[in-house]
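Enquirer: Here my numbering is used: the first residue of the sequence shown is 228, the next is one more, and so on.
The beta carbon of each residue, even a glycine, is placed where N, CA and C say it ideally should be.
Could you have a look at this structure, given as structure tokens, before my questions?
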Amino acid sequence: MRAVVKAAAERGIEIRDDWREPEAGPGEVLIQVAAASLCGTDRELYEWSASAQAFALDLPAVLGHEGSGTVIGLGEGVTSFKIGDRVAMESHLVCGECHACRSGSAHTCERTRILGMHIDGVFAERVAVPADICVLLPEQVSLETGALLEGAGVAMHAIQRSGYAVAGQNVLINGCGPVGLVIAKLALVLGAANVVAVEPNPFRQQQARALGVTVLHPQDDVAAMCREIAGTRGGFDVAFEVSGVRGVLPPLFEALRREATLVTIGHPGEPAAIDIAQWINKKGITLRGIYGRRLWESWDQLLLLVQSERLTLDWLVTHRLPLEQADEAIDLLSGDAGKVLLVPGLASS
Ligand SMILES: NC(=O)c1ccc[n+]([C@@H]2O[C@H](COP(=O)([O-])OP(=O)(O)OC[C@H]3O[C@@H](n4cnc5c(N)ncnc54)[C@H](O)[C@@H]3O)[C@@H](O)[C@H]2O)c1
Ligand SMILES: [Zn+2]
Ligand SMILES: [Zn+2]
228 MRAVVKAAAE RGIEIRDDWR EPEAGPGEVL IQVAAASLCG TDRELYEWSA
278 SAQAFALDLP AVLGHEGSGT VIGLGEGVTS FKIGDRVAME SHLVCGECHA
328 CRSGSAHTCE RTRILGMHID GVFAERVAVP ADICVLLPEQ VSLETGALLE
378 GAGVAMHAIQ RSGYAVAGQN VLINGCGPVG LVIAKLALVL GAANVVAVEP
428 NPFRQQQARA LGVTVLHPQD DVAAMCREIA GTRGGFDVAF EVSGVRGVLP
478 PLFEALRREA TLVTIGHPGE PAAIDIAQWI NKKGITLRGI YGRRLWESWD
528 QLLLLVQSER LTLDWLVTHR LPLEQADEAI DLLSGDAGKV LLVPGLASS
């Protein structure tokens with residue numbers, strides 16, 4: 228079958244037509260992939276950056292960790308799905324045995340393996356995965372939306388990690404990539420009073436504005452502008468750092484009121500300095516971070532919002548390409564794009 232493969236520990240990918248057909252082993256399902264979504268991690272894996280190398284891939288591996296499809300085969304012992312079910316996939320394979328897994332924090336499992344890194348992923352016509360990571364799509368949810376749920380689940384987790392501190396509040400979002408945009412959309416859906424986002428890329432600024440967000444540029448005086456909007460409250464109630472860019476934390480801390488919450492989602496490539504005395508002790512700001520999705524609370528909450536049509540995600544998609552154009556899809560990530568999808572059934576252009 229056709230698949231996008233990371234074959235060796237070096238820059239680049241291979242588009243293969245002779246990749247071995249996957250089979251559903253015990254506890255696994257075989258899925259006909261409908262759509263797969265790319266994210267910054269795929270670009271890192273393509274470039275073979277230091278952060279990509281840190282994932283310690285089992286090479287060669289089919290890439291792709293965000294996807295959806297239809298169940299076409301059941302391995303031994305699988306009773307939770309049937310042929311024809313439409314599913315999305317959690318990308319983190321957790322052990323179920325460590326302390327984190329056994330105490331309700333499987334998203335921090337110390338033995339996490341990742342789809343498209345440690346087992347063959349979804350940039351392929353078919354994929355075999357543990358039934359445990361599949362999530363049944365409600366009837367109203369399209370397969371294309373299904374492919375966006377893994378990434379959107381990160382945004383959902385960020386909102387959950389803030390203590391849902393968005394309803395009726397002033398919300399600041401730093402970075403309007405797909406994850407930041409979904410946080411903005413969720414904040415609005417959940418009733419935020421004001422959502423301000425900081426983003427330098429004009430295309431993404433426009434995507435944020437279309438949601439009803441007030442957009443600032445990183446070179447603006449973000450802290451002063453937020454404090455002005457907040458008036459006597461003294462600053463914004465909650466901030467989300469979703470750029471992963473270094474040096475962006477100071478204006479966020481400055482923009483927040485006392486006893487506010489800052490949630491970090493972006494992974495800066497190096498340690499960041501934090502003024503503990505001023506921001507954490509005297510200002511009382513709670514700093515929290517997230518990794519992946521809470522299993523399974525983030526999926527459960529996200530599906531409820533999507534199913535009830537309070538939250539739509541299709542507006543995120545700007546490009547759809549066949550598997551053989553995977554190089555081009557990765558290039559698009561650095562340009563004017565929202566979510567880029569690889570659709571195995573699509574004819575190449
Ligand atoms: N914690 C997790 O589990 C998790 C999961 C997924 C992604 N991430 C990370 O979250 C971040 C966002 O993911 P994404 O897919 O939306 O990435 P992305 O790279 O598409 O988005 C980042 C955005 O930040 C903008 N930006 C650049 N400089 C900025 C600045 N100085 N101030 C504000 N914005 C700036 C960029 O223009 C871009 O639109 C990345 O760092 C990614 O690695 C973390
Ligand atoms: Zn991803
Ligand atoms: Zn575990």
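Any heavy atom of ligand 3 closer than 6 angstroms to the Cβ of arginine 338?
Expert: Checking the Cβ of arginine 338 against ligand 3 gives yes.
Enquirer: In the structure shown, what three-state DSSP assignment does histidine 546 receive?
Expert: Of the three classes helix, strand and coil, the one that applies to histidine 546 here is strand, per DSSP.
Enquirer: Is it right to say asparagine 397 is buried, meaning 16 or more other beta carbons lie within 10 angstroms of its own, or is it exposed?
Expert: By the 10 Å Cβ count, asparagine 397 comes out buried.
Enquirer: Please list, following the chain, all residues that have a C-beta closer than 6 angstroms to any non-hydrogen atom of ligand 1.
Expert: Those residues are Cys266, Gly267, Val381, Asn401, Gly402, Cys403, Gly404, Pro405, Val406, Gly407, Val425, Glu426, Pro427, Asn428, Arg431, Pro445, Val469, Ser470, Gly471, Val472, Val475, Ile492, Gly493, His494, Ile517, Tyr518 and Gly519, given in chain order.
Enquirer: What is the DSSP secondary structure of isoleucine 507, counted as helix, strand or coil?
Expert: It is helical.
Enquirer: Taking all protein chains shown into account, do 16 or more other C-beta atoms lie within 10 angstroms of the C-beta of glycine 493, making it buried, or fewer, making it exposed?
Expert: That one is buried.
Enquirer: For the putative contact between valine 362 and threonine 339, defined by C-beta atoms under 8 angstroms, what is the C-beta separation to the nearest angstrom?
Expert: About 17 angstroms; that fails the 8 angstroms criterion.
Enquirer: Can you confirm whether the segment 298–305 touches the segment 261–272 when touching is taken to mean that 3 or more C-beta pairs between the two stretches lie within less than 8 angstroms?
Expert: The segment 261–272, when compared against the segment 298–305, does not touch it at the 8 angstroms Cβ threshold.
Enquirer: For leucine 375 and serine 264, which I take to be in contact (beta-carbon distance under 8 angstroms), what is that distance rounded to the nearest angstrom?
Expert: So it is a contact: roughly 6 angstroms between Cβ atoms.
Enquirer: Could you say which of Ser525, Gln446, Gly407 and Asp464 lies nearest to alanine 438 if we only look at CA atoms?
Expert: A small fix is needed here, since residue 438 is leucine in this sequence, not alanine. Ranking the options by Cα distance to leucine 438, first place goes to Gly407.
Enquirer: Any chance the CB of glutamate 317 is under 6 angstroms from a heavy atom of ligand 2?
Expert: No, the Cβ of glutamate 317 stays beyond 6 angstroms of every heavy atom of ligand 2.
Enquirer: Going by DSSP, what residues sit across from histidine 319 in a beta bridge?
Expert: DSSP lists Ile341 as partners of histidine 319.
Enquirer: Is glutamate 352 a contact residue of ligand 2, with contact defined as CB to any heavy atom under 6 angstroms?
Expert: Checking every heavy atom of ligand 2 against the Cβ of glutamate 352, none is found closer than 6 angstroms.
Enquirer: Suppose the cutoff is 6 angstroms on Cβ atoms and the five residues either side in sequence are ignored; what does the same chain contact list for leucine 244 look like?
Expert: According to the sequence shown, residue 244 is aspartate rather than leucine. Correct list, in chain order: Arg229.
Enquirer: If you follow the beta strand (DSSP E) that serine 295 is part of, which residue opens it and which one closes it?
Expert: Unbroken beta strand (DSSP E) run through serine 295: 293–301.
Enquirer: Kindly indicate which residue of Pro357, Ala234, Leu550 and Glu241 has the alpha-carbon position closest to the one of leucine 257.
Expert: Of the listed residues, the one whose Cα sits closest to leucine 257 is Pro357.
Enquirer: Given 6 angstroms as the limit, tell me if glutamate 293 has its C-beta closer than that to any heavy atom belonging to ligand 2.
Expert: Yes, ligand 2 has a heavy atom inside 6 angstroms of this Cβ.
Enquirer: Arginine 431: buried (16+ other C-beta within 10 angstroms of its C-beta) or exposed?
Expert: By the 10 Å Cβ count, arginine 431 comes out buried.
Enquirer: Is there contact between the segment 479–492 and the segment 522–533, where contact requires at least three CB pairs shorter than 8 angstroms?
Expert: Counting Cβ pairs under 8 angstroms, fewer than three are found: no touch.
Enquirer: Exposed or buried, which one is aspartate 464 when buried takes at least 16 other CB atoms within 10 Å?
Expert: The residue in question, aspartate 464, is buried, as its Cβ has 16 or more Cβ neighbours within 10 Å.
Enquirer: DSSP three-state label for alanine 419, please.
Expert: The answer is coil: DSSP assigns alanine 419 none of H, G, I, E or B.
Enquirer: Give the range of the alpha helix (DSSP H) segment to which valine 354 is assigned.
Expert: Looking at the DSSP string, valine 354 is not in any alpha helix (DSSP H); the run it does join, the beta strand (DSSP E), is 353–357.
Enquirer: Using 8 angstroms for Cβ pairs, my map puts histidine 292 next to glycine 348. What's the rounded Cβ distance?
Expert: Contact flag correct, Cβ pair sits at about 5 angstroms.
Enquirer: Could you work out which residue in Ala351, Val260 and Ala466 is closest to isoleucine 242 when comparing CA atoms only?
Expert: Measuring from the Cα of isoleucine 242, the nearest candidate turns out to be Ala351.
Enquirer: Report yes or no: do the segment 406–421 and the segment 537–557 share at least 3 C-beta pairs separated by less than 8 angstroms?
Expert: Counting Cβ pairs under 8 angstroms, three or more are found: they touch.
Enquirer: What's the C-alpha gap between threonine 545 and cysteine 403?
Expert: For threonine 545 and cysteine 403, the distance between alpha carbons rounds to 14 angstroms.
Enquirer: So is the beta-carbon of cysteine 453 under 6 angstroms away from any non-hydrogen atom of ligand 3?
Expert: Cysteine 453 Cβ: outside cutoff for every heavy atom of ligand 3.
Enquirer: For alanine 281, which of helix, strand or coil comes out of DSSP?
Expert: Reduced to three states, the DSSP call for alanine 281 is coil.
Enquirer: Consider the C-beta atom of cysteine 328 and the heavy atoms of ligand 3; say whether any pair is separated by less than 6 angstroms.
Expert: Answer for cysteine 328: yes, Cβ within range of ligand 3.
Enquirer: Tell me the residue span of the beta strand (DSSP E) that contains arginine 460.
Expert: From DSSP, arginine 460 is part of no beta strand (DSSP E); its letter is neither H nor E.
Enquirer: Taking contact to mean 3 or more Cβ pairs, one atom from each stretch, closer than 8 angstroms, check whether the segment 311–326 and the segment 364–375 are in contact.
Expert: Cβ pair count under 8 angstroms is three or more, so yes.
Enquirer: Put serine 330 into one of helix, strand or coil per three-state DSSP.
Expert: Looking at serine 330 - three-state DSSP - the assignment turns out to be coil, as it is neither helix nor strand.
Enquirer: Which residues in the same chain as glycine 516 place their Cβ atom closer than 6 angstroms to its Cβ, once the five residues preceding and following it in sequence are excluded?
Expert: Correct list, in chain order: Thr491.
Enquirer: Please name the residue, chosen from Pro477, Arg484 and Val570, that lies closest to alanine 499 on a Cα-to-Cα basis.
Expert: Here the closest residue by C-alpha is Pro477.
Enquirer: What are the partner residues of leucine 476, as DSSP defines its beta bridges?
Expert: None; leucine 476 has no bridge partner.
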